[in-house]
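A short worksheet on the structure shown next.
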Amino acid sequence: SDWTILIHGGAGVITRETLDPAAEAGARAGLGAAVDAGAAILAAGGSAIDAVEAAVRLLEDDPHFNAGRGAALTYDGAVELDAAIMDGRDRAAGAVAGVTRTRHPVSLARQVLGASPHVLLGGAGADAFAREQGLDQVEPEWFEIPERRRQLEAMRARGGDHFDIDMKYG
Amino acid sequence: TVGAVARDVAGHVAAATSTGGVTGKRWGRIGDSPLIGAGTYADDRAGAVSATGAGEFFIRIGVAHEIAARKRMLGETMLGAGDAVIAELGAMGGSGGVIVVDKEGEGGWRFNTPGMYRAMASGGGRRRIAIF
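Line by line, the protein sequences give chains A and B.
Numbering follows the working numbering, with no gaps: position 15 of the first sequence is 15.
Count along the second sequence from 1, add 170, and you get the number used in the working numbering.
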């Protein structure tokens, strides 16, 4: 074939026993929408980097997945989001770590790639760069869903740390 | 963690990855996703990789770059290289998976966990969505 796209929405202890039918249906719908968005760009002759950004943006908006809206919470109940993007044509790359307000962290990574001389920006500086670049900003509450709060509270109630549940909740 | 890899009609590849990390992370912990070469890598000389899983292991191995480098320097297929690197990951105690696409447009996934949310589509009409 002349174009190909693949996506993932996380890996871990995902079994038919632990994933209820509604969540499975939602995840499958989200995967389908994301892969179709990327495929549409590629089928129209668009670039691979535009396709992967478009697909990931949809997954970031979908609460079934651990990124953007629906992201795992830190021990203090906050969101700290990471993202990266890389173009195989020239190995140009952009990444962000620990950002808190940008709705689509992958697009912030794309701005790091295209509008800065750097590869990786982190924390408050990356948040400031996002504002400077005019990227869509949201309140931290936008990212949080009840299931993630429940998972965090369950972990804290057990006195555990994140490696106790790494692949279950991450 | 979510991600995508693609090869376009011009033969170029790209990768992207985005994540919230792990529940209860502390001290500014950062996983592999934003570290170029660990969780994300793209090189037209080989292909593109996006990873999901226990980030500390992916960082130590440099999983995404390692897969691309094996293709470029050893002549392995991306999926063959993925097999080898995920096996190494498992031997170290790590778990997770990768999606890959090579410069010729052949794509696939490798993982050592019970499930990975994943999907693919191609210009040849293939479309697949899978979890388990």
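Glycine included, every Cβ here is placed at the ideal spot set by N, Cα and C.
Next on the checklist: Under 8 Å, CB to CB, which of the residues in the segment 237-256 of chain B have a partner in chain A?
Outcome noted: Per Cβ criterion, the list is empty.
Checklist entry - If you draw a straight line from the alpha carbon of A:F143 to that of B:G217, how long is it in whole angstroms? => result As a first step, residue 143 of chain A must be located in the first sequence, where it is residue number 143. As a first step, residue 217 of chain B must be located in the second sequence, where it is residue number 47. Those two C-alpha atoms are separated by around 32 Å.
Item to check | Cross-strand partners of B:V183 (DSSP beta bridge) | outcome: In the second sequence, the residue the question calls residue 183 of chain B occupies position 13. As computed with DSSP, B:V183 is found in a beta bridge with B:R177.
Checklist entry - Taking all protein chains shown into account, do 16 or more other C-beta atoms lie within 10 angstroms of the C-beta of B:L244, making it buried, or fewer, making it exposed? => result Counted from its first residue, the second sequence places residue 244 of chain B at position 74. B:L244 is exposed by the Cβ-count criterion.
Item to check | Collapsed DSSP secondary structure at B:M262 in the structure displayed | outcome: The residue given as residue 262 of chain B occupies position 92 in the second sequence. Coil, per DSSP.
Checklist entry - When the Cβ atoms of the segment 217-234 of chain B are set against those of the segment 246-262 of chain B, are three or more pairs found closer than 8 Å? => result Cβ pair count under 8 Å is three or more, so yes.
Checklist entry - Interface residues of chain D around B:M262 at Cβ under 9 Å? => result Absent here is chain D; the protein component of the structure consists of chains A and B.
Checklist entry - Got a sec: does the ligand ATP put a non-hydrogen atom nearer than 7 Å to the Cβ of B:L259? => result Here there are no bound small molecules, and the ligand ATP is not part of this structure.
Next on the checklist: Between the alpha carbons of A:H118 and B:G285, how many angstroms are there, rounded?
Outcome noted: Taking the first residue of the first sequence as position 1, residue 118 of chain A is located at position 118. Taking the first residue of the second sequence as position 1, residue 285 of chain B is located at position 115. C-alpha separation (whole angstroms): 35 Å.
Checklist entry - How is A:Q151 classed by DSSP in three states: helix, strand or coil? => result As a first step, residue 151 of chain A must be located in the first sequence, where it is residue number 151. Correct three-state label for A:Q151: helix.
Checklist entry - Who are the neighbours of B:G201 on chain A, taking C-beta pairs under 7 Å? => result Reading the second sequence from its first residue, position 31 is the one you call residue 201 of chain B. Correct list: D82.
Checklist entry - Residues in its own chain within less than 6 Å of A:E80 by CB, not counting five upstream and five downstream? => result On the first sequence, residue 80 of chain A is found 80 positions in, with the first residue counted as 1. Once the five neighbours on either side are set aside, the close Cβ partners of A:E80 are T74, G98.
Item to check | Amino acids of chain B, ordered along the chain, whose beta-carbon sits closer than 7 Å to that of A:D87 | outcome: Here residue 87 of chain A is taken as the residue at index 87 of the first sequence, counted from 1. Neighbours of A:D87 on chain B, chain order: A184, A212.
Item to check | Amino acids of chain B, ordered along the chain, whose beta-carbon sits closer than 8 Å to that of A:W3 | outcome: For this step, residue 3 of chain A is matched to residue 3 along the first sequence. In chain order: A176, R177, D178, V179, G275, S292, G293.
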